[in-house]
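Enquirer:
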Amino acid sequence: MTWAAVLALAAGTYLVRLSGIVLRKRVTLPERVARLTDLGATALLVALVATAALTEAGGFAGWARPAGVLVGGAAALLKVPFVLVVVLAAGTTAALRALGVP
Amino acid sequence: MCSVRRTALAPGDLRDALALAAAVTVVGMSFGALAAAAGIPWTLTMAMSLLVFAGGSQFLAVAVVAAGGAPVAAVAAGLLLNLRHLPFGLAIGGIVGRGALSRALGAHVLIDESTAFARARGTGARATAAYRLVGALLFVGWNIGTVVGILGGSAVPDPNAFGVDAAFPAALLALLLPSLKAADARRVGIGAAVIALAATPFLPPGLPVLVALLALVLAGKPDPAEERRRGTDGSGHGDGAPA
């Protein structure tokens, strides 16, 4: 890693972040397009959940992690407080790994 | 202005933001330790956590360099992974805040978790206050974690042993669930998950999630209930209508 690389990654990432926010400010989006940007965020976040829960380095992440996410998701459906959802998910995965589940 | 911001938050918001920040701190520790193990000077590691503040791309950049890749490849891989922040900004630009300073600072703390955390709190003053709160806490947690990780080095345990890798998708899922009550969001969400999972073995990190945007073709007609919820959106942000 070099300073040039870190600064380039930082500047590029910041520009990406800022440009979306500024674009939203500059143009008044028609209702139809505003709905699509909102649904787009949903699509990205669900895709992140799915890939983070199930995959690791392009392959299957093993059973312990998706099991934990499943328990956390079920807890969230049952309106369990957010903090407990996070703890239950991590605890389930940690317990399964301690038992030798990959 | 300050008092408006303080009262806009719901009672549980601080507790929930702290839970996310705690998990981020643990991952920050592992980032600091990993970067130290890869022989990256602590000044560069800290600069990454302070200036880039995007965990996935920081891990990826370190991995690329540790595997003998060129720094320029690390930058390209990291930027590709962070491209999703642009559509996030488009979606929550109204939540981030109105002033130039709000936007400048808000842009720096735009990550998956802050986006999902704020969206789960609507589009009004509460969402803006929640975004600032969680953004600040995540930033502080990530950087404290990085410092501890650099100092702790190999003594820092693998966060996966504590199931932290399951905590993040579970937290995002919990934040998303209310919005998935709308039929159109559910269609798009399921389509996006299928597309991203199918693409993951074949595309570099970051692209599968972007390709999942193709699921927007499933958006169809607006769900009536969703339309009502969105009714406040057009009337401007910061209208102070907490849930």
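Chains as they are written, first to last, in the numbering used here: chain A, -7 to 94; chain B, 51 to 293. Just so you know, even glycine gets a beta-carbon here, dropped at the ideal spot from N, CA and C.
1) For residue 6 of chain A and residue 212 of chain B, I'd like the C-alpha separation in whole angstroms.
2) Determine, using beta carbons only, whether residue 66 of chain A comes closer than 7 Å to chain B.
3) Indicate whether residue 78 of chain A and residue 168 of chain B have their beta-carbon atoms separated by less than 7 Å.
4) Tell me which residues of the stretch 24 to 47 of chain A have at least one Cβ-Cβ distance to chain B shorter than 7 Å, keeping chain order.
5) Could you tell me whether any Cβ in chain B is nearer than 7 Å to the Cβ of residue 19 of chain A?
6) Just to check my reading of the structure: residue 243 of chain B and residue 42 of chain A have Cβ atoms closer than 8 Å, yes? What is that Cβ distance to the nearest angstrom?
7) Look at the alpha carbon of residue 60 of chain A and the alpha carbon of residue 39 of chain A, and state the distance between them as a whole number of angstroms.
8) Below 7 Å between beta carbons is the criterion; list the residues of the stretch 78 to 105 of chain B that meet it against any residue of chain A, in chain order.
9) Residue 109 of chain B to residue 176 of chain B, Cα distance in whole Å?
10) Taking the C-alpha atoms as reference points, what is the distance between residue 219 of chain B and residue 247 of chain B?
11) So residue 34 of chain A and residue 229 of chain B are supposed to be a Cβ contact under 8 Å. How far apart are they, rounded?
12) Report yes or no: is there a C-beta of chain B within less than 7 Å of the C-beta of residue 15 of chain A?
13) Might you give, ordered along the chain, the residues of its own chain that have their beta carbon closer than 6 Å to the beta carbon of residue 183 of chain B, omitting 5 neighbours on each side?
14) Check for me: the alpha helix (DSSP H) holding residue 17 of chain A runs from which residue to which?
15) Taking the alpha helix (DSSP H) that residue 121 of chain B belongs to, which residues open and close that run?
16) From the DSSP output, read off the bridge partner residues of residue 51 of chain A.
17) Rounded to whole angstroms, how far is the Cβ of residue 46 of chain A from the Cβ of residue 53 of chain A, which I believe are closer than 8 Å?
18) Using a Cβ-Cβ cutoff of less than 6 Å, which residues in the same chain neighbour residue 237 of chain B once the five nearest sequence positions on both sides are dropped?
19) Applying a beta-carbon distance threshold of less than 7 Å, which residues of chain A neighbour residue 193 of chain B?
20) For residue 59 of chain B, tell me which candidate among B:199, B:235, B:171 and B:262 has the shortest Cα-Cα distance.
21) To the nearest angstrom, report how far apart residue 98 of chain B and residue 128 of chain B are at their CA atoms.
22) Leaving out five residues before and five after residue 58 of chain A in sequence, what residues of the same chain have Cβ atoms less than 6 Å from its Cβ?
23) What whole-angstrom Cβ distance do residue 259 of chain B and residue 134 of chain B have, given they're in contact under 8 Å?
24) Taking 8 Å as the threshold, find out whether the stretch 113 to 121 of chain B comes into contact with the stretch 138 to 148 of chain B through three or more Cβ pairs.
Expert: Working from what's here:
1) A straight line joining the alpha-carbon of residue 6 of chain A with that of residue 212 of chain B spans about 31 Å.
2) Using a CB distance cut-off of 7 Å, residue 66 of chain A does not count as an interface residue toward chain B.
3) Judged by beta-carbon spacing, residue 168 of chain B lies beyond the 7 Å limit of residue 78 of chain A, meaning their Cβ atoms are not closer than that value.
4) Taking 7 Å as the cut-off between beta carbons, the residues of the stretch 24 to 47 of chain A near chain B are 26, 27, 28, 29, 30, 31, 32, 33, 34, 35, 36, 37, 38, 39, 40, 41, 42, 43, 44, 45, 46 and 47, in sequence order.
5) Residue 19 of chain A does not count as touching chain B.
6) Contact between residue 243 of chain B and residue 42 of chain A holds: CB atoms are separated by about 4 Å, below the 8 Å threshold.
7) In a straight line, the C-alpha of residue 60 of chain A is about 17 Å away from that of residue 39 of chain A.
8) Cβ contacts with chain A come from 90, 94, 97, 98, 101, 102 and 104.
9) Rounded to the nearest angstrom, the two C-alpha atoms are 32 Å apart.
10) Taking the straight line joining both Cα atoms gives about 14 Å.
11) Contact between residue 34 of chain A and residue 229 of chain B holds, with the beta-carbon distance rounding to 6 Å and staying under 8 Å.
12) Chain B contact via Cβ: present.
13) Result list for residue 183 of chain B: 67, in chain order.
14) Membership of residue 17 of chain A in the alpha helix (DSSP H) is indicated by the continuous run -5 to 18.
15) From DSSP, the alpha helix (DSSP H) with residue 121 of chain B extends over 121 to 132.
16) Beta bridge pairing from DSSP links residue 51 of chain A with A:48.
17) The pair is a contact, with the Cβ atoms about 6 Å apart (cut-off 8 Å).
18) Closer than 6 Å at Cβ, skipping near neighbours: 268.
19) Chain A residues near residue 193 of chain B: none, gap ~14 Å exceeds 7 Å.
20) In terms of Cα proximity to residue 59 of chain B, the closest of B:199, B:235, B:171 and B:262 is B:171.
21) Roughly 11 Å separates the two Cα atoms.
22) Only 45 and 46 meet the Cβ criterion.
23) Yes, residue 259 of chain B and residue 134 of chain B are in contact; Cβ-Cβ is about 6 Å, under 8 Å.
24) Below 8 Å, too few C-beta pairs join the stretch 113 to 121 of chain B and the stretch 138 to 148 of chain B to call them touching: fewer than three.
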